[in-house]
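Going left to right, the sequence shown walks through residues 717 to 846 as the numbering used here numbers them. For each residue, glycine too, the CB sits at the ideal point set by N, CA and C. Here is the structure we will look at, set down as structure tokens.
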Amino acid sequence: MIDNNLISPFLTLFAMAGGLIVLMIIVKRMILKNKSLNSNIELKILSKLPLRQKSSLYIVKIGTRTLLIGATDQNVRAIADVSSEFNKNIEQDLLRKKPQSISGQNEISKTENDLSFSNFIKSAFKRQRN
């Protein structure tokens, strides 16, 4: 009927397939466990400025720190910690959004307190040079 020479390779094949399935389940559980551990990190990209086709500047908030990061297709580099500068600009933005007085005494110059990304980058580089 069925030859032992045919049964042995099929049993080996099923044992190997079962072993691979068990290994895949274990690896999947390990990956999901590590993924849930890393989800506690608060990471948010606040702004992106493309410089060239494969390079960009990012302002990234990691926990309580705000970093200016340069990224290319080959590496990523933290340029400056801009937490204090970023918080100062947010405070100025909140002051600017307050209702203006009727006489216009509290009017703020747009060029001095402009919160554009380019002015933020300029102020970060000025601070780094000094």
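Within its own chain, the residues whose Cβ lies closer than 6 Å to the Cβ of K760, once the five positions on either side in sequence are excluded, are K777, listed in chain order. The count of Cβ pairs closer than 8 Å, one atom from the region 767-774 and one from the region 786-805, reaches three, so the stretches are in contact.
DSSP places I795 in the uninterrupted beta strand (DSSP E) bounded by 792-797. Here S763 has I775, F833 as same chain residues with Cβ atoms under 6 Å from its own Cβ, once five neighbours each way along the sequence are excluded. Between the alpha carbons of R745 and A794 lies a distance of about 33 Å.
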